[in-house]
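A.B. asks: Residue numbering for the sequence shown follows UniProt numbering, beginning at 1 and increasing consecutively.
Here you go, one structure.
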Amino acid sequence: MVENDLILTERREGYRIITLNRPDRLNSFNEPMHKALMSALIETEADSECRALILTGAGRGFCAGQDLADRLTSPGQQPPDLAATIEQFYNPLVRKLRGLRIPIIAAVNGVAAGAGANIALACDIVLAGRSAKFIQAFAKLGLVPDSGGTWFLPRLVGPARARALALLAEPVSAEQAEAWGMIWKTTDDAGLMDEAHRLASYFATQPTIGLGFIKQALDVSETNDLDRQLELERDLQGRAGRTPDYREGVAAFFEKRQPKFTGRA
């Protein structure tokens, strides 16, 4: 396990676990943690042996969003430039998560609030312990959901629920989030990481390049019209069909055996 106090990175066979590690602050973000997380994601992206990623939080919460202690000002002081913080840290983080061409599993333990909720929703598969809660806390502070919240929520739960969640800032339980399609699955708290590791181990044996193409196609399907999406599917399928994993998958099918995918071009 690689540690830098704020972010823990553990390597397993074929995948990594990144743990947000400010448990005394419910893993809320400050500038050093932003920088440490981005470094960990860049390192993950450069690791050709890494074919899946688990993102989770230490202690009793996943992530409470921005650490508001870093935003306190005295009377007469200039207010913090929140737009600059988003431009410098949160937007690059969400873009990096969405840009990784490996499956990302968010294992949400406890509270995921504000940007913490939306960073979880930026992952490919969201697992939540039964005690987890998702809160779009921004309205309680007079703010707007950021870190992709206004983009992810309507696409996951529909416009009516997204509007109510953003305006009311009410917590959503893990079971309700699953019922609404906001997340993939709820597990018992004690089994959360076991399920996350099971999925990551599975993905570590799968055709990684093809999975990356699936992510790419789904990401743009909301904005493409049908013709553009059909053309993208054609182009990606052409590239997927030239990978060694496709040849292995076909051979394994005819030989009635389990394929041995390498995840390499």
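Note that the Cβ used here is the ideal one computed from N, Cα and C, for glycine as well.
Measuring CB atoms only, is the segment 126-138 touching the segment 78-87, in the sense that at least three cross pairs come out at less than 8 Å?
C.D. replies: With the cut-off at 8 Å, the segment 126-138 and the segment 78-87 do not touch.
A.B. asks: Can N21 and F62 be called in contact, C-beta distance under 7 Å?
C.D. replies: Within the sequence shown, the letter at position 21 stands for residue 21. Within the sequence shown, the letter at position 62 stands for residue 62. It is not a contact, given that the beta carbons lie outside the stated cut-off.
A.B. asks: Mind reading off the beta-carbon distance from A217 to A52? Whole number of angstroms is fine, and I expect it under 8 Å.
C.D. replies: Your numbering for residue 217 matches position 217 in the sequence shown. Your numbering for residue 52 matches position 52 in the sequence shown. Contact flag wrong, Cβ pair sits at about 19 Å.
A.B. asks: G142: which of G114, A160 and A128 sits nearest, CA to CA?
C.D. replies: Numbered from 1 along the sequence shown, position 142 holds the residue referred to as residue 142. Of G114, A160 and A128, the residue nearest in Cα terms is G114.
A.B. asks: Is the segment 85-101 close to the segment 28-46, with three or more CB pairs under 8 Å?
C.D. replies: Yes, the segment 85-101 is in contact with the segment 28-46.
A.B. asks: If you draw a straight line from the C-alpha of L6 to the C-alpha of K185, how long is it?
C.D. replies: Taking the first residue of the sequence shown as position 1, residue 6 is located at position 6. Taking the first residue of the sequence shown as position 1, residue 185 is located at position 185. Approximately 27 Å between the Cα atoms of the pair.
A.B. asks: Is the number of C-beta pairs between the segment 180-194 and the segment 119-130 that are closer than 8 Å three or more?
C.D. replies: Counting Cβ pairs under 8 Å, three or more are found: they touch.
A.B. asks: Could you tell me if G241 is buried or exposed, where buried requires 16 or more neighbouring beta carbons within 10 angstroms of its beta carbon?
C.D. replies: Counting from 1 along the sequence shown, the entry for residue 241 is found at position 241. The residue is exposed, with fewer than 16 neighbouring Cβ atoms inside 10 Å.
A.B. asks: Would you check if the distance between the CB atom of T9 and the CB atom of A46 is smaller than 7 Å?
C.D. replies: Here residue 9 is taken as the residue at index 9 of the sequence shown, counted from 1. Here residue 46 is taken as the residue at index 46 of the sequence shown, counted from 1. Their beta carbons are not under 7 Å apart, which means T9 does not touch A46 by this criterion.
A.B. asks: Pick out whichever of N118, I18 and I42 has its Cα sitting closest to the Cα of Q66.
C.D. replies: As a working mapping, residue 66 is identified with position 66 in the sequence shown. Nearest option by C-alpha distance: N118.
A.B. asks: Quick check: T223 and G263, are their CB atoms within less than 7 Å of each other?
C.D. replies: Your numbering for residue 223 matches position 223 in the sequence shown. Your numbering for residue 263 matches position 263 in the sequence shown. No. Outside cutoff.
A.B. asks: In this structure, does DSSP put L165 in helix, strand or coil?
C.D. replies: As a first step, residue 165 is located in the sequence shown; it is residue number 165 there, counting from the start. Reduced to three states, the DSSP call for L165 is helix.
A.B. asks: Anyone know if the C-beta pair for G116 and L156 falls short of 7 Å?
C.D. replies: As a working mapping, residue 116 is identified with position 116 in the sequence shown. As a working mapping, residue 156 is identified with position 156 in the sequence shown. No; because the gap between Cβ atoms is not below 7 Å, this pair is not in contact.
A.B. asks: With A58 and T19 assumed to form a contact (beta carbons below 8 Å), what rounded beta-carbon distance in angstroms separates them?
C.D. replies: For the purposes of this step, residue 58 is identified with residue 58 of the sequence shown, where counting begins at 1. For the purposes of this step, residue 19 is identified with residue 19 of the sequence shown, where counting begins at 1. Sure, about 5 Å apart at Cβ, within 8 Å.
A.B. asks: Would the beta-carbon of R98 fall within 7 Å of that of A120?
C.D. replies: By 1-based counting over the sequence shown, the position of residue 98 is 98. By 1-based counting over the sequence shown, the position of residue 120 is 120. Contact: no.
A.B. asks: Nearest to I54 by CA position, among G14, R25 and L68, is which residue?
C.D. replies: Taking the first residue of the sequence shown as position 1, residue 54 is located at position 54. Closest option to I54, Cα to Cα, is G14.
A.B. asks: Alpha carbon to alpha carbon, how far is Q237 from Y246? Give it in angstroms, no decimals.
C.D. replies: Walking along the sequence shown from the start, residue 246 turns up at place 246. Walking along the sequence shown from the start, residue 237 turns up at place 237. So the alpha carbons of these two residues sit roughly 10 Å apart.
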